[in-house]
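J.: Residue 242 is where the sequence shown starts when you use the numbering used here, and the numbers rise one by one after that.
For every residue, glycine included, the Cβ atom is placed at its ideal position computed from N, Cα and C.
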Amino acid sequence: MPIAYQDKTHTFQLDTANTSYIFRVYNDGYLFHEYWGRRLRPVDLTRLFKGCYSSSFNPNWPGAAGGMDSLDLLPAEYPFYGSGDFRSPAVEAAFSDGSRLLNLTYVSHEILPAKPPLPGLPSLDGGDAALEVTLADTATGLTVVLSYTVYEDSDVITRHARIVNTTGEAVRVGRVLSASVDLPGINYDMIGQYGTHSRERQIDRVPLRHGMQAVESRRGASGHHSNPFLVLAAPDAGETAGEVYAAALIYSGNFLAAAEVDANNVTRLQIGLNPFDFSWKLEPGESFASPEAVLTYSAEGLGRMSRNFHRVFQGHLGRVKETKRPGPIVLNSWEATYFDFDEDKLRGIIQSCKGLGIDLFVLDDGWFGHRNDDTTSLGDWFVHRGKLPNGLKPVIDCCHENGMQFGLWLEPEMVSEDSELYRAHPDWVICKPGQPYCKGRNQLVLDLSRPEVVAYLKETIGRLLSENDIAYIKWDMNRNITDQYSLGLPADRQPELLHRYMLGLYDLLEDLTSRFPQVLFEGCSGGGGRFDAGMLYYMPQTWASDDSDAIERLKIQWGTSLIYPPRCMTAHVSAVPNHQLGRVTPLRTRALVAMSASFGYELDPTAFSKEERAEVAEQTAYYHAMGDLVAGGDFFRLVSPFEAKGNGEAEGAAWMFVSPDQSRAFAVYVQRLAVPAGPPRRLRLRGLDPQAVYRIDELGADFGGDELMYAGLALPNQAKDFEALRFTLTKKV
Ligand code: DGJ
Numbered sequence: 242m243p244i245a246y247q248d249k250t251h252t253f254q255l256d257t258a259n260t261s262y263i264f265r266v267y268n269d270g271y272l273f274h275e276y277w278g279r280r281l282r283p284v285d286l287t288r289l290f291k292g293c294y295s296s297s298f299n300p301n302w303p304g305a306a307g308g309m310d311s312l313d314l315l316p317a318e319y320p321f322y323g324s325g326d327f328r329s330p331a332v333e334a335a336f337s338d339g340s341r342l343l344n345l346t347y348v349s350h351e352i353l354p355a356k357p358p359l360p361g362l363p364s365l366d367g368g369d370a371a372l373e374v375t376l377a378d379t380a381t382g383l384t385v386v387l388s389y390t391v392y393e394d395s396d397v398i399t400r401h402a403r404i405v406n407t408t409g410e411a412v413r414v415g416r417v418l419s420a421s422v423d424l425p426g427i428n429y430d431m432i433g434q435y436g437t438h439s440r441e442r443q444i445d446r447v448p449l450r451h452g453m454q455a456v457e458s459r460r461g462a463s464g465h466h467s468n469p470f471l472v473l474a475a476p477d478a479g480e481t482a483g484e485v486y487a488a489a490l491i492y493s494g495n496f497l498a499a500a501e502v503d504a505n506n507v508t509r510l511q512i513g514l515n516p517f518d519f520s521w522k523l524e525p526g527e528s529f530a531s532p533e534a535v536l537t538y539s540a541e542g543l544g545r546m547s548r549n550f551h552r553v554f555q556g557h558l559g560r561v562k563e564t565k566r567p568g569p570i571v572l573n574s575w576e577a578t579y580f581d582f583d584e585d586k587l588r589g590i591i592q593s594c595k596g597l598g599i600d601l602f603v604l605d606d607g608w609f610g611h612r613n614d615d616t617t618s619l620g621d622w623f624v625h626r627g628k629l630p631n632g633l634k635p636v637i638d639c640c641h642e643n644g645m646q647f648g649l650w651l652e653p654e655m656v657s658e659d660s661e662l663y664r665a666h667p668d669w670v671i672c673k674p675g676q677p678y679c680k681g682r683n684q685l686v687l688d689l690s691r692p693e694v695v696a697y698l699k700e701t702i703g704r705l706l707s708e709n710d711i712a713y714i715k716w717d718m719n720r721n722i723t724d725q726y727s728l729g730l731p732a733d734r735q736p737e738l739l740h741r742y743m744l745g746l747y748d749l750l751e752d753l754t755s756r757f758p759q760v761l762f763e764g765c766s767g768g769g770g771r772f773d774a775g776m777l778y779y780m781p782q783t784w785a786s787d788d789s790d791a792i793e794r795l796k797i798q799w800g801t802s803l804i805y806p807p808r809c810m811t812a813h814v815s816a817v818p819n820h821q822l823g824r825v826t827p828l829r830t831r832a833l834v835a836m837s838a839s840f841g842y843e844l845d846p847t848a849f850s851k852e853e854r855a856e857v858a859e860q861t862a863y864y865h866a867m868g869d870l871v872a873g874g875d876f877f878r879l880v881s882p883f884e885a886k887g888n889g890e891a892e893g894a895a896w897m898f899v900s901p902d903q904s905r906a907f908a909v910y911v912q913r914l915a916v917p918a919g920p921p922r923r924l925r926l927r928g929l930d931p932q933a934v935y936r937i938d939e940l941g942a943d944f945g946g947d948e949l950m951y952a953g954l955a956l957p958n959q960a961k962d963f964e965a966l967r968f969t970l971t972k973k974v
């Protein structure tokens, strides 16, 4: 059984294939976290914590005799405020008499064969066993239910918490984190992600210090600037070895992921909804559920950590389960035309895709209302008759005639002041009347906390999808939420707005994706401004960045791959000079970077030379043959684009995909800057069968799997910047 309860010691042990997670009901009913790490046989670990602490200024818990009986000293399973643990709580609540004191103790537990649903929120399905532990506040009776699910083969445990107002009076919940784990020691590097628009998911790695350190979002979206994900890694942990603890949140709004180190060198790892500007009023009988946290431990470094996340997401996260198969190769119109197109121009582009191996054409921004730039028409999801006098049908027909499906861009959560929708419903936006408000990209945010707004979008977008043969929607969102005030909420519920917005969005997406299961939804938020497991649940691929330059994409895609499967990122070959940076890179390099994700093009194919057409046809043929590895294979990072060795070697980036049966693989090496007469370099591959012999097509030679992994391939001393190499491996029988 992956979840066991030892009656004698009141210990819960959750086991995955390689890990154990252990906590127990300690004296007086307090939950005490004992262990998370490599798998253990059933064990009593209490002795590890006895006699280790001095207790001055660490108050005893209510009614306790003394000694180590302090919640400030014990590693907590779900810490709370008011009973002596001065570190960050996982839960806070305010009662009608003004009290914020909590004293949560064990009431009961249940081990379940299957995971109970988490209504209204995206979460993993399935799992090998689930556990619910019920706690209650001794004074008020407020109930807190801690939920756990074990995913054995991916070494993942999920957690969330539910507060049930069993007190008979209204309660205001101020903080409901999804997971909190107290780990022994301070000796960890914290790895988090930061970025901006066009420079998403860069990697920060810094040693922990005493006190609080965190990544978070306050933007109403998970954001370009951070990602709901945090790693605590042993200082010596790298891609292939070393201990790594990681937590991710299946949520797309404000989040907090924190590490707090106390004076006893206990590190409290926490993840959940950001308590900043959040509280939720619970009437008697009502409950509030936190989003789901996904926890994994790897004793084999960051590579294994990533593969654990990839496996559990592709196995259990909503429509991400569909990404085990390759997606269509798309041609997106944005960088080809921006707002400047008409039916003839689109026909020209679509017709010139014939013979290139492209599966789907996407008409991006500018096809609706009277939108000729970014100042108007969001909300008016009817065809721009000035550009497309005959509607979408001739464009869709043209795609079909040329062997492609049709996809369309939408930005449903937004509205332009210059739109019929805004003129009809000026109160449907998030802002406070009478207060000057912010616009972002000239637009306002629709108030999705209001059921009537969500209902309107279900109807409008549902109609668009019913009336047109649309195979794919690119769902964009081009600003963050400011002026956090809703005309739909009473004064005491205003701090619920941003979470209610997310619940409204999830409701909308649940409706559309279940009514239109044949449509592939791609997420986008000015590129990767909302690249998180919550959005991926509904929209299994996300446009990773508005920076389409292949060299910048090395870092963005590497960072993204730490947690999300490469198949969930969209990457396109764009024109050179690159529109964001002016950089000129070879077509081959652009394609190898883009085809290491969900592949496509974003340029005007009518401008291709004959040679370029032939090269593009070869690229799409390669992806049609090998894309199953990007989709369903194991991903290995080999050479980091973040590394600057400073030892005279040329700097590069490399990665590879290996089929689950290790019979096929492909690896890519991209040179960043070349150096003259640089020292020789080797590329060591990973994930192969050491006993097997592999043919490498591009080298026309055979190699042992052991040779490729342990001795490596010699990298030629490339003379030019930005060149790329591809290695296609087939196991010989
Ligand atoms: C931002 C997206 O990231 C781009 O790809 C493009 O769709 C534009 N919006 C269109 O306005």
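Using the DSSP secondary-structure output, state which residues sit across from Ala530 in a beta bridge.
T.: Residue numbering aside, residue 530 sits at position 289 when the sequence shown is read from its first letter. BP columns for Ala530 point to Arg403.
J.: I need the straight-line Cα distance from Val284 to Asp248, nearest angstrom please.
T.: Numbered from its first residue, the sequence shown carries residue 284 at position 43. Numbered from its first residue, the sequence shown carries residue 248 at position 7. Distance between the alpha carbons of Val284 and Asp248: 13 Å.
J.: Less than 6 Å between C-beta atoms, sequence neighbours within five positions excluded: which residues of the same chain meet that for Val880?
T.: Here residue 880 refers to the residue found at position 639 when the sequence shown is read from its first residue. Counting only Cβ-Cβ distances below 6 Å, and skipping sequence neighbours, we find Gly893, Ala894, Ala895.
J.: I'd like to check one pair, Arg691 with Trp669: are the Cβ atoms closer than 8 Å?
T.: Within the sequence shown, the letter at position 428 stands for residue 669. Within the sequence shown, the letter at position 450 stands for residue 691. Yes, these two residues count as a Cβ contact at 8 Å.
J.: Which runs of the beta strand (DSSP E) spanning at least 3 residues fall entirely within the segment 752 to 837, listed in chain order?
T.: Listed in chain order, they are 761 to 764, 782 to 784, 810 to 815.
J.: Between Ser755, Gly325, Gly873, which has its C-alpha nearest Arg552's C-alpha?
T.: Taking the first residue of the sequence shown as position 1, residue 552 is located at position 311. Answer by Cα proximity: Gly873.
J.: Count the other CB atoms, across all protein chains shown, that sit within 10 Å of the CB of Met242; report buried if there are 16 or more and exposed otherwise.
T.: On the sequence shown, position 1 is the one that residue 242 refers to. Under this definition Met242 is an exposed residue.
J.: Let me check understanding here. Comparing Cα to Cα, which of Phe647, Arg905, Glu576 lies closest to Ile599?
T.: Taking the first residue of the sequence shown as 1, we reach residue 599 at position 358. The shortest C-alpha separation from Ile599 is found at Phe647.
J.: Given that a residue counts as buried once 16 or more other Cβ atoms are within 10 Å of its Cβ, and exposed if not, what is Phe840?
T.: Taking the sequence shown and counting its residues from 1, the one referred to as residue 840 is at position 599. The residue in question, Phe840, is buried, as its Cβ has 16 or more Cβ neighbours within 10 Å.
J.: Start and end of the alpha helix (DSSP H) containing Ala577?
T.: Against the sequence shown, residue 577 aligns to sequence position 336. Where Ala577 is concerned, the enclosing alpha helix (DSSP H) stretches over 575 to 578.
J.: Taking only three categories from DSSP, how would you classify Lys522?
T.: Walking along the sequence shown from the start, residue 522 turns up at place 281. Correct three-state label for Lys522: strand.
J.: Take Trp521 as the anchor and find which of Tyr435, His740, Ile427, Tyr492 has the nearest alpha-carbon.
T.: In the sequence shown, counting from the first residue as 1, residue 521 sits at position 280. Minimum Cα distance to Trp521 is reached at His740.
J.: Under a criterion of Cβ closer than 6 Å to any non-hydrogen atom of the ligand DGJ, which residues qualify, in chain order?
T.: Here the residues come out as Trp575, Asp605, Asp606, Trp650, Asp717, Asn719, Cys765, Gly767, Gly768, Trp784, Asp787.
J.: Out of Arg771, Ala411, Gly368, Gln443, point me to the one whose CA is closest to Glu527's CA.
T.: The residue given as residue 527 occupies position 286 in the sequence shown. Nearest C-alpha to Glu527: Ala411.
J.: Given a cut-off of 8 Å, decide if Thr847 and Ile590 are closer than it, judged by their beta-carbon atoms.
T.: Here residue 590 refers to the residue found at position 349 of the sequence shown. Here residue 847 refers to the residue found at position 606 of the sequence shown. Cβ atoms of Ile590 and Thr847: closer than 8 Å.
J.: At which residues does the alpha helix (DSSP H) containing Ile244 begin and terminate?
T.: Position 3 of the sequence shown holds residue 244. Premise fails: Ile244 lies in the beta strand (DSSP E), 244 to 247, not in any alpha helix (DSSP H).
J.: Glu652 and Asn719 look like a contact to me (Cβ under 8 Å); what is the Cβ gap, rounded to whole Å?
T.: Translated into positions along the sequence shown, residue 652 becomes position 411. Translated into positions along the sequence shown, residue 719 becomes position 478. Contact flag correct, Cβ pair sits at about 6 Å.
J.: If we ignore side chains and look at the alpha-carbon of each, how far apart do Tyr678 and Leu761 end up?
T.: As a working mapping, residue 678 is identified with position 437 in the sequence shown. As a working mapping, residue 761 is identified with position 520 in the sequence shown. If you take the alpha carbons of Tyr678 and Leu761, they lie about 35 Å apart.
J.: Put Ala891 into one of helix, strand or coil per three-state DSSP.
T.: Numbered from its first residue, the sequence shown carries residue 891 at position 650. Ala891: coil per DSSP, three-state reduction.
J.: Between which two residues does the beta strand (DSSP E) carrying Leu353 extend?
T.: As a first step, residue 353 must be located in the sequence shown, where it is residue number 112. Leu353 -> beta strand (DSSP E) spans 345 to 353.
J.: Do Leu970 and Leu924 have their CB atoms nearer than 8 Å?
T.: Counting from 1 along the sequence shown, the entry for residue 970 is found at position 729. Counting from 1 along the sequence shown, the entry for residue 924 is found at position 683. No. Outside cutoff.
J.: Determine the burial state of Val621: buried for a count of at least 16 other Cβ atoms within 10 Å of its Cβ, exposed for fewer.
T.: Along the sequence shown, read from residue 1 onward, the residue named residue 621 stands at position 380. Contrary to the premise, residue 621 reads as Asp rather than Val in this sequence. Buried, because 16 or more other Cβ atoms sit within 10 Å of the Cβ of Asp621.
J.: My assumption, with CB atoms under 8 Å, is that Ile398 sits in contact with Tyr246. Please give the rounded CB distance.
T.: Working through the sequence shown from its first residue, we reach residue 398 at position 157. Working through the sequence shown from its first residue, we reach residue 246 at position 5. 15 Å between Cβ atoms; not a contact.
J.: Using DSSP with H/G/I as helix, E/B as strand and the rest coil, what is Trp622?
T.: Reading the sequence shown from its first residue, position 381 is the one you call residue 622. In the structure shown, Trp622 sits in coil (DSSP, three-state: anything other than H, G, I, E or B).
J.: Can you check which of these residues, Val624, Gly323, Ala885, His350, is closest to Leu980 by C-alpha distance?
T.: Summary: the structure shown does not reach residue 980, with the chain confined to residues 242 through 974, and so no result is reported for it.
J.: Give the DSSP-derived three-state secondary structure of Ile711 in the structure shown.
T.: Taking the sequence shown and counting its residues from 1, one reaches residue 711 at position 470. Ile711: coil per DSSP, three-state reduction.
J.: Quick one: measure Cβ to Cβ for Leu345 and Asp378, integer angstroms, because I've assumed they're closer than 8 Å.
T.: To locate residue 345, count along the sequence shown from 1; it is residue 104. To locate residue 378, count along the sequence shown from 1; it is residue 137. Indeed, because the Cβ distance is near 6 Å, the residues count as touching under 8 Å.
J.: Based on the DSSP output, what are the partners of Phe898 in its beta bridges?
T.: The count along the sequence shown starts at 1 and reaches residue 898 at position 657. Bridge partners of Phe898: Phe876, Phe907.
J.: Give the C-beta separation of Phe883 and Ile444 to the nearest angstrom, bearing in mind that I take them to be a contact with Cβ-Cβ under 8 Å.
T.: The residue you call residue 883 lines up with position 642 of the sequence shown. The residue you call residue 444 lines up with position 203 of the sequence shown. So it is a contact: roughly 6 Å between Cβ atoms.
J.: Please list the terminal residues of the continuous beta strand (DSSP E) segment that includes Arg216.
T.: One cannot answer for residue 216 here, as it falls past the ends of the chain, which runs 242 to 974.
J.: Which whole-angstrom value describes the C-beta separation of Gln454 and Gly800, a residue pair presumed to lie in contact below a C-beta threshold of 8 Å?
T.: To locate residue 454, count along the sequence shown from 1; it is residue 213. To locate residue 800, count along the sequence shown from 1; it is residue 559. With a Cβ gap of about 19 Å, Gln454 and Gly800 do not count as contacting.
J.: Rounding to the nearest angstrom, what Cα-Cα distance links Gln959 and Gln912 in this structure?
T.: Walking along the sequence shown from the start, residue 959 turns up at place 718. Walking along the sequence shown from the start, residue 912 turns up at place 671. Distance between the alpha carbons of Gln959 and Gln912 is about 8 Å.
J.: Take Asn234 and list the residues in its own chain whose beta-carbon comes closer than 6 Å to its own, dropping the five residues that flank it on each side.
T.: Coverage of the chain is limited to positions 242 through 974, which leaves residue 234 absent and any answer about it impossible.
J.: Bridge partners of Glu333, per DSSP?
T.: Taking the sequence shown and counting its residues from 1, the one referred to as residue 333 is at position 92. Paired residues: Arg416.
J.: Can you give, in chain order, each stretch of the beta strand (DSSP E) that sits fully within the segment 411 to 483 and has at least 3 residues?
T.: Listed in chain order, they are 412 to 425, 430 to 437, 440 to 448, 452 to 457, 470 to 474.
J.: With Tyr779 and Arg560 assumed to form a contact (beta carbons below 8 Å), what rounded beta-carbon distance in angstroms separates them?
T.: Your numbering for residue 779 matches position 538 in the sequence shown. Your numbering for residue 560 matches position 319 in the sequence shown. Rounded, the Cβ-Cβ distance is 6 Å, consistent with contact.
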